[in-house]
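First up is the structure itself, then whatever we jot down about it.
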Amino acid sequence: MMKKHASRQKRHVTLFVNGERHQLKVGDRSDEVQVTHTLAHTLRETLDLTGTKTPCNNGECGGCTVLMDGVPILSCTTLTVECDGKHITTIEGLRDQKSGRLHPIQQAFVDHDAVQCGMCTPGMIMSLKALFDRRPDATEGQVREAISGNLCRCTGYVKYVEAALDAARVLREVGA
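When you line the sequence shown up against this note's numbering, it's residues 8 to 183, in that order.
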């Protein structure tokens, strides 16, 4: 019986991103996901989902936050191969696919002018999405805690908190 060399075996990673199944080859070629690729890299470079930002690219700012099975994670420090079989939600996945309407959190950020340069915004919105999925009645303190890992150099967070509380109200009203 012949042994197969591990280097010759092709592996796949299956990701469910924003409801869509992606089976990606893992290997050393430029058109494959390499074992050292982060989820942020794969989302941006392979799947062309550039809404996820990588301001620091070392896990300190929260700008790369996405949801993995509903839990916020830092995609710049999570290897793609660790996400096999997982459901990933990015900022692009929040928009209603049929109507094109923004998610209430996204709309609240627009309505409250809570966007400056935009580097922290996707991660902040994803952190809030995870919070409101768990606690639709979140308090201001819980909102502040949820975004405490999302750093913004442009503002003092006042508009972010106001937008978040408004979004929570809208989500409760529509029962989402």
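A virtual CB, placed ideally from N, CA and C, is assigned to each residue, including glycine.
Residues bridged to residue i by DSSP?
i     : result
GLN30 : THR21
VAL40 : VAL33
Determine the extent of the alpha helix (DSSP H) in which residue i is found, giving its start and end residues.
i      : result
MET133 : 128-141
GLN123 : Neither: GLN123 is in no alpha helix (DSSP H) and is coded neither H nor E.
ARG176 : 165-181
ALA153 : 147-153
Distance, Cα to Cα, residue i vs residue j?
i      : j      : result
ILE154 : LEU101 : 18 Å
ILE95  : VAL78  : 9 Å
GLU152 : GLY130 : 14 Å
ASP55  : ASP173 : 31 Å
ALA170 : PHE116 : 5 Å
THR85  : ARG142 : 25 Å
GLN149 : THR49  : 31 Å
HIS29  : VAL181 : 32 Å
CYS68  : GLN123 : 15 Å
VAL88  : ARG51  : 15 Å
ASP140 : ASP38  : 36 Å
VAL73  : HIS119 : 22 Å
THR61  : LEU158 : 12 Å
LEU22  : ASN65  : 22 Å
ARG18  : THR53  : 16 Å
VAL40  : ILE80  : 19 Å
GLU27  : GLY92  : 12 Å
VAL42  : VAL33  : 7 Å
GLY70  : THR59  : 7 Å
THR45  : SER82  : 7 Å
VAL168 : ARG36  : 44 Å
ILE112 : CYS63  : 24 Å
GLU147 : SER106 : 30 Å
In chain order, each beta strand (DSSP E) run of at least 3 residues that lies wholly inside the region 45-111: 72-75, 78-81 and 94-96
Looking at C-beta atoms only, is the number of pairs between the region 153-168 and the region 128-144 that lie closer than 8 Å three or more? Verdict: yes, contact present.
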